[in-house]
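> When the count follows my numbering, it moves up by one through the sequence shown with no breaks and lands on 136 for the last residue.
All C-beta atoms, glycine included, are put in the ideal place defined by N, C-alpha and C.
All values reported here derive from a predicted model rather than from experimental measurement.
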Amino acid sequence: MQPQTVAILLLLVVCAVVSPHPVIGGKKRLRCDENDKKHILKDCGHYTKKHGHSNERPVTHSSCCAAVHTVPDDDMQCIVDLLTDAEKKEHEKDAILALQDACA
33 MQPQTVAILL
43 LLVVCAVVSP
53 HPVIGGKKRL
63 RCDENDKKHI
73 LKDCGHYTKK
83 HGHSNERPVT
93 HSSCCAAVHT
103 VPDDDMQCIV
113 DLLTDAEKKE
123 HEKDAILALQ
133 DACA
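1. Rank R61, K60, H71 by C-alpha distance to the C-alpha of V100 and give the top, closest one.
2. Looking only at its chain, what residues have a beta carbon closer than 8 Å to the beta carbon of K124, apart from the 5 residues adjacent to it on each side?
3. Give a yes or no on whether the C-beta atoms belonging to P104 and D133 are separated by under 9 Å.
4. Taking all protein chains shown into account, decide if L62 is buried (16 or more other Cβ within 10 angstroms of its Cβ) or exposed.
5. Give me the Cβ distance between T92 and C135, rounded to the nearest whole Å; I'm assuming they're in contact under 8 Å.
6. Going straight from the alpha carbon of Q109 to that of I128, what length do you get?
7. Taking all protein chains shown into account, do 16 or more other C-beta atoms lie within 10 angstroms of the C-beta of H53, making it buried, or fewer, making it exposed?
8. Count the other CB atoms, across all protein chains shown, that sit within 10 Å of the CB of D126; report buried if there are 16 or more and exposed otherwise.
Below, the structure is given as structure tokens:
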């Protein structure tokens, strides 16, 4: 083999070993969890409670929108799916779903 070919092959091997595998990279959460729900109900309760201001929408830079953006893909349906029966009686489902667009 020519020295240039050996050098190129060696360079390719070094790059393959040094480069992180894409599967090992940072993991993205696929679904929301109870912690996300807790933050949404706390920070957005003003907008989602049945006897609150569910016809109002949060401003983009509010703590409510910050909580929305911590939910994977801003998926408010996931939050609704996690609601307990007691929470469903206290919060408007449609108001929670509307947070996704209001905070976009």
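Straight from the coordinates:
1. H71
2. Reading off the sequence shown, one finds Glu at residue 124, where the question assumed Lys. Within the same chain, E124 has close Cβ partners T80, K81, K82, S86.
3. no
4. When all chains shown are included, L62 counts as exposed.
5. About 6 Å; that satisfies the 8 Å criterion.
6. 8 Å
7. Summary for H53: the model assigns pLDDT 49, below 50, so the residue's position carries little reliability; its value from the coordinates is reported in the next sentence. By the neighbour-count definition (other C-beta atoms within 10 Å, threshold 16), H53 is an exposed residue.
8. exposed
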